[in-house]
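Letter by letter, the sequence shown follows residues 30 to 252 of the numbering used here.
For reference, the structure discussed in these notes is given below.
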Amino acid sequence: MITLSQISKVYRTAAGELPVLEAVDLKIVRRDRISIVGPSGCGKSTLLHILGLLDAPTGGQIEFDGVRTLELDEAAQARFRNEKIGFIFQDHCLLPQCTVRENVLTPTLVGKSDPSAKERAEELLRRVGLAERLNHRPAELSGGEKQRVAIARALIRQPELLLCDEPTGNLDERTAGEVIELLLDLQNDSGMMMVVVTHSPALAERMERQYRMVGRRLEEVSK
Ligand SMILES: Nc1ncnc2c1ncn2[C@@H]1O[C@H](COP(=O)(O)OP(=O)(O)OP(=O)(O)O)[C@@H](O)[C@H]1O
Ligand SMILES: [Mg+2]
30 MITLSQISKV YRTAAGELPV LEAVDLKIVR RDRISIVGPS GCGKSTLLHI LGLLDAPTGG
90 QIEFDGVRTL ELDEAAQARF RNEKIGFIFQ DHCLLPQCTV RENVLTPTLV GKSDPSAKER
150 AEELLRRVGL AERLNHRPAE LSGGEKQRVA IARALIRQPE LLLCDEPTGN LDERTAGEVI
210 ELLLDLQNDS GMMMVVVTHS PALAERMERQ YRMVGRRLEE VSK
């Protein structure tokens, strides 16, 4: 379970202070599927980065499985992130010089060695339909295939929380649809918590809990 309480974020730049989030509360439990929509620049990615411990809020508290994550030091936060959180971004962010299998394995290279990782990577790549492409490089794949590799990489550590920032933003409608179905299937099998930021109404509507960012806050969209 994850609880965000009164999260605020103010960016301090040379041009002055830019408040982005104010008193954001959110509770996420196992199996929850949450979507967040809102206009460009309203703070969706900022909130996702805070939720994923990639950025620190200016104020507020986060509790993740009973751990106050903001109170951990940087190394402990990195460990926590690596073990419990998977990320999928709009751009797949694959390493171009590595093969598909190596890309999926990158999150397992930190911390103690994981002897079953290779087998799990191959199983995940089978699951996303890329069993025949293990030794290919990202440049040899289509956009949808690259995003499927990114999905396998996000899931290799069996995260409790999957964060997706515009996961289908660079894909055509049909490929986007396939990627959405795949994500939902994988989420359903594992029961992980899933938070998706998107401009796509089709994707947002597939989530049981839908939120919109309004005036620096999260507002639940009633269905
Ligand atoms: N590192 C930063 N320093 C200063 N301002 C930032 C920084 N990152 C984001 N911002 C500003 O904070 C606001 C929210 O940005 P954010 O990326 O969270 O928006 P978003 O809702 O994800 O937008 P989009 O839909 O375009 O991805 C924007 O006005 C942006 O310019
Ligand atoms: Mg964004």
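C-beta atoms are modelled at their ideal positions from N, C-alpha and C, and glycine is treated no differently.
All values reported here derive from a predicted model rather than from experimental measurement.
For residue i versus residue j, is the C-beta distance shorter than 8 Å?
i: A205; j: S171; result: no
i: I114; j: G89; result: no
i: D33; j: V53; result: First, the residue type needs correcting, since residue 33 is Leu and not Asp in the sequence shown. Closer than 8 Å, so yes.
i: V224; j: I63; result: yes
i: V226; j: L50; result: no
i: M30; j: I65; result: no
i: E169; j: M221; result: no
i: I185; j: R149; result: yes
i: N199; j: D120; result: yes
i: T128; j: L101; result: no
i: I117; j: P196; result: yes
Could you give the DSSP three-state label for residue i: helix, strand or coil?
i: D194; result: strand
i: Q176; result: helix
i: A85; result: coil
i: K147; result: helix
i: S251; result: coil
i: R97; result: strand
i: L138; result: helix
Comparing C-alpha positions only, which one of the options sits nearest to residue i?
i: L253; options: N164, P144, V178; result: Since the displayed the chain opens at 30 and closes at 252, residue 253 lies outside it and no answer follows.
i: D194; options: M221, N217, K141, A233; result: A233
i: L138; options: P167, R108, H165; result: R108
i: H165; options: I185, V133, E189; result: V133
i: R59; options: S219, T128, R235; result: S219
i: R235; options: R245, G45, N217, E248; result: N217
i: G12; options: E207, Q35, Q119; result: What the structure shows of the chain is the stretch from 30 to 252, and residue 12 is not part of that stretch, so it cannot be assessed.
i: R110; options: A183, G45, V129; result: A183
i: E237; options: R246, R245, L213; result: L213
i: R130; options: R41, I117, A146; result: A146
Please classify residue i: is it buried, with 16 or more other beta-carbons within 10 angstroms of its beta-carbon, or exposed?
i: M242; result: buried
i: E174; result: buried
i: G72; result: buried
i: K38; result: buried
i: S142; result: exposed
i: A181; result: buried
Could you confirm whether any beta carbon from chain D is found closer than 8 Å to the beta carbon of residue i?
i: V53; result: Here there is only one protein chain, and chain D is not present.
Looking at residue i and ligand 2, is the gap between the Cβ and the nearest heavy atom below 7 Å?
i: K38; result: no
i: S64; result: no
Cβ of residue i versus every heavy atom of ligand 1: is any distance shorter than 7 Å?
i: C193; result: no
i: K73; result: yes
i: L99; result: no
i: L47; result: yes
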